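Undergrad: Numbered by UniProt numbering, the letters in the sequence shown go through residues 1 to 392 in order.
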Amino acid sequence: MHASNPIFLPGPTNLPEPLRRACDIPTMDHRSAAFGPILAAAKEGVARILGLSGGEVALFPATGTGGWEAAVTNALRPGDKVLAARHGMFSRKWIDLCQRHGLEVEIVERPWGEGVPVEEFAAALAADSGHQIRAVLVTHNETATGVTSDVAAVRAAMDAAGHPALLMVDGVSSIGSIEFRMDDWGVDLAVAGSQKGFMLPAGLAIIGISAKARQAMETAGLPRCFFDIRDMADGNYPYTPPVGLINGLAVSTGLLLEEGMENVRARHHRIAEGVRRAVAAWDMTTCAAAPELCSDTVTAIVTPEGFDAGRIVRHAAEAYGVAFGGGLGEVAGKVFRIGHLGLMSDVMALSGIATAEMAMVDLGLPVRLGSGVAAAQEHYRNSRTAPVRAAA
Numbered sequence: 001m002h003a004s005n006p007i008f009l010p011g012p013t014n015l016p017e018p019l020r021r022a023c024d025i026p027t028m029d030h031r032s033a034a035f036g037p038i039l040a041a042a043k044e045g046v047a048r049i050l051g052l053s054g055g056e057v058a059l060f061p062a063t064g065t066g067g068w069e070a071a072v073t074n075a076l077r078p079g080d081k082v083l084a085a086r087h088g089m090f091s092r093k094w095i096d097l098c099q100r101h102g103l104e105v106e107i108v109e110r111p112w113g114e115g116v117p118v119e120e121f122a123a124a125l126a127a128d129s130g131h132q133i134r135a136v137l138v139t140h141n142e143t144a145t146g147v148t149s150d151v152a153a154v155r156a157a158m159d160a161a162g163h164p165a166l167l168m169v170d171g172v173s174s175i176g177s178i179e180f181r182m183d184d185w186g187v188d189l190a191v192a193g194s195q196k197g198f199m200l201p202a203g204l205a206i207i208g209i210s211a212k213a214r215q216a217m218e219t220a221g222l223p224r225c226f227f228d229i230r231d232m233a234d235g236n237y238p239y240t241p242p243v244g245l246i247n248g249l250a251v252s253t254g255l256l257l258e259e260g261m262e263n264v265r266a267r268h269h270r271i272a273e274g275v276r277r278a279v280a281a282w283d284m285t286t287c288a289a290a291p292e293l294c295s296d297t298v299t300a301i302v303t304p305e306g307f308d309a310g311r312i313v314r315h316a317a318e319a320y321g322v323a324f325g326g327g328l329g330e331v332a333g334k335v336f337r338i339g340h341l342g343l344m345s346d347v348m349a350l351s352g353i354a355t356a357e358m359a360m361v362d363l364g365l366p367v368r369l370g371s372g373v374a375a376a377q378e379h380y381r382n383s384r385t386a387p388v389r390a391a392a
């Protein structure tokens, strides 16, 4: 890959220069007084981006998968029952993690490309009169298929059933980029990662914890050690934390809040819509089963039947030095993915669309050079906003 080219992965994402510098700090004693303000600023910034008050934030040296494990092991007991939908690679992996921990998972199967089935969740919760379901798991943004589910609707279904289960949300590829309202949606445990909307290198699992979830941790019985949130009281790590990444997170949240989260969400929506218009101009479709499910952080594009979509990803990397996402699991070889989250502007998105066009034409697909670029340009011209300050 050419180092000066932007990447179009749904994570890791492009790294702004101010954040690169923020992560590159001299070695610091993490038990010194100097580290406390850095950690506090990072946690406070995350809480504001989550829309969390009255709860707390935990940061682990891990990725989003570690965040899933921390959420599950800190809040649940051996043999507990959880409700989850399996409709993509990452919802599938979270279910697998729960099963490996000895939890009973009530699984609602949905085709890849669909979102969380709120009505089926509502029925399962209403039928659970004995409240055996201890947690409801929602993959907010299914990265493999480019689908965003309605977390607020799941909370409404839980409330309508009068169900006391915890609401756990995988927001790894949504938090910091698209709408997420932890308090308003009644989310008890929210999981994010440093390498996506926060625009940092991989290495931090970021967890928002409601007061209800914190209380549940006192009676949780699943084995936990490295991910035990109780051992991190008062900001004291029981092991060496990644100080540079945490400093980067403090700066990252500051950049996002300076831009304004409504502006961040609007920017992601505008850029994503330009990509979707390019897809339509190519006479292709997204993997998302309906327009309202389309993600504003990643678009999974279905290629013609019989064509290996992985060829586009490989050719773009080899010929043009640009990274796109390949298909995963059930959609491997059927889709390629354009990530458009984190540090991303209209101009950057246009370069990705143009590269995808060149790769597809090179490989003989019936795509006209410039068609997708023109469709996206028209959208961006008519929905222009101020330049992204974080890109400077």
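The beta carbon of each residue, even a glycine, is placed where N, CA and C say it ideally should be. Because the structure is a prediction, the values reported are computed rather than measured.
#1: Look at the alpha carbon of residue 321 and the alpha carbon of residue 360, and state the distance between them as a whole number of angstroms.
#2: Measuring only the C-alpha atoms, how far is residue 11 from residue 61?
#3: Please return the same chain residues whose Cβ sits closer than 6 Å to the Cβ of residue 133, not counting the five positions on each side in sequence.
#4: What are the start and end residues of the alpha helix (DSSP H) that includes residue 37?
#5: Could you tell me which uninterrupted alpha helix (DSSP H) segments, each at least 4 residues in length, are contained entirely in the region 142 to 179, listed from first to last along the chain?
#6: For residue 119, does the count of other Cβ atoms within 10 angstroms reach 16, so buried, or fall short, so exposed?
#7: Distance, Cα to Cα, residue 148 vs residue 334?
#8: Taking only the alpha-carbon atoms, compute the straight-line gap between residue 98 and residue 105 and give it to the nearest angstrom.
#9: What are the boundary residues of the alpha helix (DSSP H) that residue 246 is part of?
#10: Hey, how far is the Cα of residue 283 from the Cα of residue 383?
#11: Kindly list the residues whose CB is nearer than 6 Å to the CB of residue 380, restricted to its own chain and excluding five residues on each side of it in sequence; keep chain order.
#12: Give a yes or no on whether the minimum CB-CB distance between residue 296 and chain D is below 8 Å.
#13: So if DSSP puts residue 189 in a beta bridge, which residue, or which two residues, is it bridged to?
#14: Less than 8 Å separating the beta-carbons of residue 125 and residue 87?
#15: Do residue 286 and residue 146 come within 8 Å of each other at the CB atom, strictly closer than that value?
#16: Report all residues from its chain with a CB closer than 7 Å to the CB of residue 271; omit the five preceding and five following residues, and keep chain order.
#17: Assuming the contact rule is C-beta atoms closer than 8 Å, residue 152 and residue 112 should be a hit. Round their C-beta distance to whole Å, please.
TA: Taking the geometry as given:
#1: 15 Å
#2: 17 Å
#3: 81, 83 and 165
#4: 35 to 50
#5: 151 to 160
#6: exposed
#7: 19 Å
#8: 7 Å
#9: 243 to 259
#10: 23 Å
#11: 274 and 346
#12: Absent from the structure: chain D. Only one protein chain is present.
#13: 168 and 209
#14: no
#15: yes
#16: 340, 344, 346 and 349
#17: At roughly 23 Å, the Cβ-Cβ gap does not stay under 8 Å, so residue 152 and residue 112 are not in contact.
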